[in-house]
Structure formats: structure tokens, C-alpha cells
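Contents: one structure, followed by commentary.
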Amino acid sequence: MADKIIRALCLSGGIRILACSAANLARDVSALQQPSATAGIALARGLAGGALMGALMKSGQRIALKFEGNGPLGKLIVEADSDGAVCGCLGNPAAEAEPLDGKWNVAGLIGRAGFLTVSKDIGVGGEPYHGMVQLVSSEVGDDLAYYLTESDQIPSAVGLTAALDQNGRITVCGGFLVQALPKADDAELEKIMERITKLPPLPELLNEGGPERVLQELFGDIPFTLLETHELFFHCGCSREKVERALITLGAAELGDMRARDEGASITCEFCRKSYHFDAEELEQLISKNATS
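Residues in the sequence shown are numbered consecutively from 84, following the working numbering.
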């Protein structure tokens with residue numbers, strides 16, 4: 084089953100719901116990151132959340148999420164484009180946490196104290212917008228909902244899920260995002276919020292009928308229209324040119340140390356694990372660019 088995301092709006096125009104399935108995406112990224120079981124669950128939930136947030140952006144725009152707490156995971160970063168391209172990485176993929184009350188202890192892995200930073204690149208050549216909120220529960224969905232409600236001023240609810248088989252392979256990944264727009268009907272909103280509290284397990288819904296099944300369960304008897312459906316896929320936007328620009332920002336002194344100490348530099352992308360090597364001569368050219376910039 085192809086990964087996809089669906090945007091829908093109730094006919095009264097006041098409630099927006101997005102739902103996605105992203106098991107293939109999560110498997111692709113996990114193959115690169117090689118996470119522990121709990122870190123894999125955190126990563127998969129983050130990828131689904133990033134996909135939902137990316138779908139809120141306009142064409143050509145990009146969003147980056149960074150969950151950084153005081154737990155052993157260090158950080159969870161997800162980047163997503165409006166067209167469905169998503170990538171992610173972990174600070175310490177090998178980190179693990181004991182289950183809590185029989186459930187995956189993602190909150191313990193991330194850490195109870197920390198911040199969620201959201202960066203939005205709106206694609207007009209200016210600096211990205213950065214917003215930050217404290218982690219409220221260190222559960223990925225809860226913190227995204229809190230950010231949307233507090234920072235974007237749009238009351239939101241987010242549900243995310245991921246599951247592994249006995250071999251540690253992602254079998255289910257996906258979620259939903261509900262938002263109350265300014266013209267939301269209170270009665271309809273109350274119905275949907277009640278349905279969220281009684282929602283069957285998300286893995287069950289996704290296995291039964293994908294994101295469409297999730298939408299049907301959330302809207303219930305409230306009429307709605309589908310706005311857009313598009314695929315989700317792994318894509319890393321790294322390039323040698325971007326790595327060059329990052330190296331130049333280190334400054335001539337640091338580049339000079341690399342040239343003298345290591346006779347070059349090898350940089351590995353934390354998302355796709357591709358390595359870029361710069362020999363001593365190439366570093367010298369970057370030092371020259373730094374001096375003229």
C-alpha cells in the first residue's frame with residue numbers, strides 16, 4: 084500500500100482534518116538510522132507528524148521539527164515539504180527506554196524537559212520563521228497539537244501511531260490532525276472531539292482502510308469533502324553545494340585547522356548518510372571564498 088496523506092474539510096467549512104499512512108516512509112528512514120525499538124517508534128511517529136505538518140504548508144514551502152529533550156535520544160528532527168517529501172534523523176538512534184505501563188516509553192526516551200522548535204521556510208528568499216514551545220508531555224502528537232494551538236493559534240488535536248513486528252520492522256505508521264478553523268460549528272466540533280475520545284485503535288483503522296477509514300471514523304455523520312490526496316515519500320535535500328555553504332560558515336580558521344590536521348574533511352549527512360569529501364585543495368578554495376564573502 085502506497086503511503087499517502089489526505090486533506091478534508093467539513094461542508095460547513097469550519098473543521099479541517101488530515102490523515103496519513105506512512106509505513107513505507109518509516110521503514111525507509113529506519114533503514115538509514117538503524118534505531119532501537121523505542122527510538123524507531125519515536126522516529127515513525129515523528130515522520131507521520133512531520134508529514135501532517137508539511138501538508139499544512141503552501142506549495143514550495145518546507146517545515147522542520149526538532150524535538151530536543153533531556154532524555155537519552157538527544158534529538159528527533161523531521162523535515163517535510165508541502166509536496167509529500169519527508170526525511171528524519173535521531174541524535175542517538177541506539178538509545179532505548181524501558182516500557183511504561185506496557186506501552187512504548189517515547190516520552191522517557193525524548194526526555195520530559197526540553198523544547199519543540201518549528202522552522203518554516205516559506206520560499207520567498209527570506210530567513211525561515213522559527214517558533215519554539217516547551218515540551219508538554221514529550222509525546223510527539225501532544226506536543227505538535229500544543230504548538231499549533233499556542234503558537235499558530237489554531238485549536239488542534241493530533242493522533243499518531245506506529246507499530247513493529249517481532250523483527251523490529253515497522254508494520255504500521257500514520258496519524259491524523261484535526262483543526263478548528265474560525266468558522267467552526269460548536270456542535271460539529273463537539274461531536275468530533277467526542278469521536279476522538281472513542282476512536283478505535285489507529286493501527287486497526289489504518290489496516291482496515293488507510294487514511295480514508297480514519298477520516299470516516301472522525302467525521303462520522305458530519306458531511307465533508309476531500310480536498311487533496313498525495314503520496315508521501317522519503318527525500319533528502321542535501322547536496323555538495325549545501326555542504327560547501329555550511330563549511331564556509333565555520334570560518335577560515337576552522338577550515339584551516341581541518342586542512343592542516345586532517346588534510347581534508349568528510350561530512351556525512353545525518354538524514355541520508357551520504358558522505359561528501361573535501362581534500363586540502365578544495366578546503367583552500369573554501370577558505371578563499373570565506374575571505375571574499
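We put the beta carbon where it would ideally sit given N, CA and C, even for glycine.
Worksheet item: If we ignore side chains and look at the alpha-carbon of each, how far apart do A106 and T121 end up?
Response: 16 Å
Worksheet entry | Span of the beta strand (DSSP E), counted from its first residue to its last, around Q262 | I253 to A263
Discussion item. Tell me the DSSP secondary structure of E162 in three-state form.
Written reply: strand
Worksheet item: Does the segment 206-219 come close enough to the segment 166-174 that 3 or more CB-CB pairs lie under 8 Å?
Response: no
Worksheet item: Can you check whether the CB of L126 is closer than 8 Å to the CB of L159?
Response: yes
Practice prompt. Tell me whether C332 sits in a helix, a strand or coil according to DSSP, three-state version.
Written response: The sequence as given places Thr at residue 332; Cys does not occur at that position. The answer is coil: DSSP assigns T332 none of H, G, I, E or B.
Worksheet entry | Residue span of the alpha helix (DSSP H) that contains E151, given as start and end | Careful: E151 lies outside any alpha helix (DSSP H), inside the beta strand (DSSP E) at R145 to G152.
Item to complete: Using alpha carbons as the reference points, say which of G152, G185, I146 and C256 lies closest to L108.
Response: C256
Practice prompt. Take L309 and list the residues in its own chain whose beta-carbon comes closer than 6 Å to its own, dropping the five residues that flank it on each side.
Written response: A91
Worksheet entry | G137, enclosing alpha helix (DSSP H) - first and last residue | A120 to G137
Discussion item. If you reduce the DSSP assignment to three classes, tell me which class Q117 lands in.
Written reply: coil
Discussion item. Quick check on the DSSP output: the beta strand (DSSP E) that includes Q217 runs from which residue to which?
Written reply: Y212 to Q217
Worksheet entry | D339 vs A363 beta-carbon contact at 8 Å | Contrary to the premise, residue 339 reads as Gly rather than Asp in this sequence. No, these two residues do not count as a Cβ contact at 8 Å.
Worksheet item: Just the Cα atoms here: how many angstroms apart are V189 and L199?
Response: 15 Å
Discussion item. Would the segment 223-234 count as touching the segment 269-281 if we require 3 or more Cβ pairs under 8 Å?
Written reply: no
Fill in: Three-way DSSP call (helix, strand, coil) for R195 in this model
coil
Worksheet item: Per DSSP, what kind of secondary structure is S239 in: helix, strand or coil?
Response: strand
Item to complete: May I ask you to list the residues that DSSP assigns as paired with G167?
Response: For G167, which the question treats as bridged, DSSP gives no partner whatsoever.
Discussion item. For a test of the three-state rule: what should DSSP assign to G303, helix, strand or coil?
Written reply: coil
Worksheet item: Could you give the residue range of the alpha helix (DSSP H) that holds A228?
Response: V223 to E233
Practice prompt. Just the C-alpha distance for R99 and E337, rounded to the nearest angstrom, thanks.
Written response: 49 Å
Discussion item. Using C-beta distances below 6 Å, list every residue in its chain close to P238, excluding the 5 sequence neighbours before and after it, in chain order.
Written reply: T232 and A263
Fill in: Cβ pair G133, A178 closer than 8 Å
no
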